[in-house]
Amino acid sequence: MKIINTNKAPEALGPYSHATVVNGLVYTSGQIPLNLNGEIVSDDVSEQTTQVLENLKVVLNEAGSDLDAVVKATIFISDMNDFQHINKVYGSYFNEHQPARSCVEVARLPKDVKVEIEIVAEVKDL
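Following this line, the structure appears as structure tokens:
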């Protein structure tokens, strides 16, 4: 097992890593819409989703992977009414490659953000 942490993504909010690599797969921790200063980027759900996906790109890259290698994404949202906005941004990152995905509404997310995404992807540079 390989632990992934990078200073190119927001620091973890607790005792966990950005990702782990096991048996050729990257398992990311959930990313929320924080910038490198640890601040929430915006109250707008589309901007939050963009930041989350940009954070995930950095973490995947550090692990030797990228969005084209994603096999499963799990999206946690605080309000299902935001689904269409989140889905539109998500679709701009996964337009041709469309991995398996789940999306669930939850009661609350860290720092009261609107979206959190975690990903499982294949490692490309084994």
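In the working numbering, each residue's number is its place in the sequence shown (first place is 1) plus 24. Cβ atoms here follow ideal geometry from the backbone N, Cα and C, with glycine treated the same way. Quick caveat, the model's predicted, so the values are computed rather than measured.
(message) With H, G and I counted as helix, E and B as strand and the rest as coil, what does DSSP make of residue 45?
(response) Here residue 45 sits in strand by DSSP.
(message) Quick check on the DSSP output: the beta strand (DSSP E) that includes residue 98 runs from which residue to which?
(response) 94–101
(request) For the segment 66–79 and the segment 112–120, state whether three or more C-beta atom pairs, one from each stretch, are separated by less than 8 Å. (result) yes
(request) For the beta strand (DSSP E) containing residue 32, list its first residue and its last residue. (result) Looking at the DSSP string, residue 32 is not in any beta strand (DSSP E), and its letter there is neither H nor E.
(request) Specify, as a first and last residue, the run of the beta strand (DSSP E) that residue 126 falls within. (result) 124–129
(message) Comparing C-alpha positions only, which one of 120, 60, 44, 122 sits nearest to residue 31?
(response) When each option's Cα is compared against that of residue 31, the closest is 60.
(message) Considering just the uninterrupted stretch of the beta strand (DSSP E) at residue 120, what are its terminal residues?
(response) That residue, residue 120, is in no beta strand (DSSP E); it is neither H nor E in DSSP.
(request) Name, in chain order, the residues that DSSP records as bridge partners for residue 145. (result) According to DSSP, residue 145 bridges with 50, 94.
(request) Using the DSSP secondary-structure output, state which residues sit across from residue 58 in a beta bridge. (result) 64
(request) Would you kindly work out how many angstroms separate the C-alpha atoms of residue 93 and residue 129, rounded to a whole number? (result) 25 Å
(request) Report yes if the CB atom of residue 126 is closer than 7 Å to the CB atom of residue 98, and no otherwise. (result) yes
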